[in-house]
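Residue numbers (my numbering), protein chains in the order written: chain C, 1 to 114; chain R, 1 to 116.
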């Protein structure tokens with residue numbers, strides 16, 4: 001158990017809908033990362049938050065947004081969903097977001113858009 | 001930008017065989033390098049890491065050496081077990097703008113299957 005909790009584990013929704021994925025980082029970790037894992041693209045970095053502030057953006061679509069709350073949990077909002085958004089979404093956390101520190105991953109949320 | 005290229009596999013070995021999974025990277029500056037492992041139905045777990053040139057990371061019989069001259073971080077294990085069957089990801093930690101924002105850039109992963 002990494003200490004990172006993601007909910008829900010599975011989500012099935014229709015095209016055009018909006019969903020929210022939730023992540024609770026390890027106790028004390030200030031940095032949260034979101035990744036998307038798909039068969040064709042592999043693991044793609046979406047966005048990073050550090051202590052409530054956005055710090056880095058990767059290949060995140062405009063239809064997607066995220067935030068980190070004062071209690072350090074984070075949410076990833078996906079809207080106007082398309083079939084191609086079906087993927088495994090991982091949250092990871094690290095104590096400081098520094099270069100040498102490992103990131104601890106949750107078990108992921110599997111999103112299926114039908 | 002920074003990138004990681006790893007042997008895509010799949011790789012199928014018999015128990016006790018020698019394993020090598022190749023990983024090369026492109027990066028500006030001096031990234032830290034990692035191997036993560038993903039068992040079926042689970043998230044990624046750190047297997048080992050190296051933070052500077054010539055460092056060797058090791059864990060559970062796996063080893064990888066940070067080779068700056070060849071920009072490589074190949075994963076090796078002398079004798080694999082069935083329980084090593086998983087997907088292995090090579091990654092580097094590279095910096096965006098500002099501080100406290102190192103992010104991991106992953107290779108595409110290599111599926112390893114070890115047969116008894």
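Even glycine gets a Cβ: it sits at the ideal position worked out from N, Cα and C.
Predicted model, so just to flag it, every value in this text is computed and none were measured.
Determine whether the Cβ of residue 98 of chain R lies closer than 9 angstroms to any Cβ atom of chain C. The residue labelled residue 98 of chain R in the question sits at position 98 within the second chain. Low local confidence applies: a pLDDT of 49 at residue 98 of chain R is under 50, so the model's placement there is unreliable, with the coordinate-based value given in what follows. Yes, contact with chain C.
To the nearest angstrom, how far is the alpha carbon of residue 59 of chain R from that of residue 37 of chain R? The residue given as residue 59 of chain R occupies position 59 in the second chain. The residue given as residue 37 of chain R occupies position 37 in the second chain. In a straight line, the C-alpha of residue 59 of chain R is about 12 angstroms away from that of residue 37 of chain R.
Between the Cα of residue 31 of chain C and the Cα atoms of C:71, C:40, C:14, C:13, which residue gives the shortest distance? Start at 1 with the first residue of the first chain, and residue 31 of chain C comes out as number 31. Among C:71, C:40, C:14, C:13, the Cα nearest to that of residue 31 of chain C belongs to C:71.
Anything in the segment 43 to 61 of chain R with a Cβ closer than 8 angstroms to a Cβ of chain C? List those residues in chain order, please. 43, 44, 45, 46, 49, 51
Do three or more CB pairs link the segment 87 to 94 of chain R to the segment 33 to 49 of chain R at distances below 8 angstroms? yes
Helix, strand or coil for residue 93 of chain C, going by three-state DSSP, please let me know. Numbered from 1 along the first chain, position 93 holds the residue referred to as residue 93 of chain C. Three-state DSSP puts residue 93 of chain C in a strand.
Let's see if you can read the secondary structure: which residues bound the beta strand (DSSP E) around residue 19 of chain C? The residue you call residue 19 of chain C lines up with position 19 of the first chain. Looking at the DSSP string, the run of the beta strand (DSSP E) that includes residue 19 of chain C is 19 to 24.
Taking the beta strand (DSSP E) that residue 82 of chain R belongs to, which residues open and close that run? On the second chain, residue 82 of chain R is found 82 positions in, with the first residue counted as 1. Looking at the DSSP string, residue 82 of chain R is not in any beta strand (DSSP E), and its letter there is neither H nor E.
Is there a Cβ of chain R sitting closer than 9 angstroms to that of residue 36 of chain C, yes or no? On the first chain, residue 36 of chain C is found 36 positions in, with the first residue counted as 1. Not an interface residue.
Among the candidates R:75, R:84, R:9, whose CA atom is the shortest distance from the CA of residue 114 of chain R? Counting from 1 along the second chain, the entry for residue 114 of chain R is found at position 114. Answer by Cα proximity: R:84.
Buried or exposed for residue 30 of chain R, going by 16 or more other Cβ atoms inside 10 Å? To locate residue 30 of chain R, count along the second chain from 1; it is residue 30. Answer is exposed; the Cβ neighbour count stays below 16.
Below-9 angstroms beta-carbon distance, residue 113 of chain R vs any chain C residue: Walking along the second chain from the start, residue 113 of chain R turns up at place 113. Not closer than 9 angstroms to any Cβ of chain C, the Cβ of residue 113 of chain R fails to qualify, so no.
In angstroms with no decimal places, state the Cα-to-Cα distance between residue 45 of chain R and residue 63 of chain R. The residue labelled residue 45 of chain R in the question sits at position 45 within the second chain. The residue labelled residue 63 of chain R in the question sits at position 63 within the second chain. Going from the Cα of residue 45 of chain R to the Cα of residue 63 of chain R covers about 15 angstroms.
Under the DSSP definition of a beta bridge, which residues are partnered with residue 56 of chain C? For the purposes of this step, residue 56 of chain C is taken as residue 56 along the first chain, with counting starting at 1. Paired residues: C:48.
Would residue 24 of chain C be called buried (16 or more neighbouring beta carbons within 10 Å of its own) or exposed? Within the first chain, the letter at position 24 stands for residue 24 of chain C. By the neighbour-count rule (16 or more Cβ atoms within 10 Å), residue 24 of chain C is buried.
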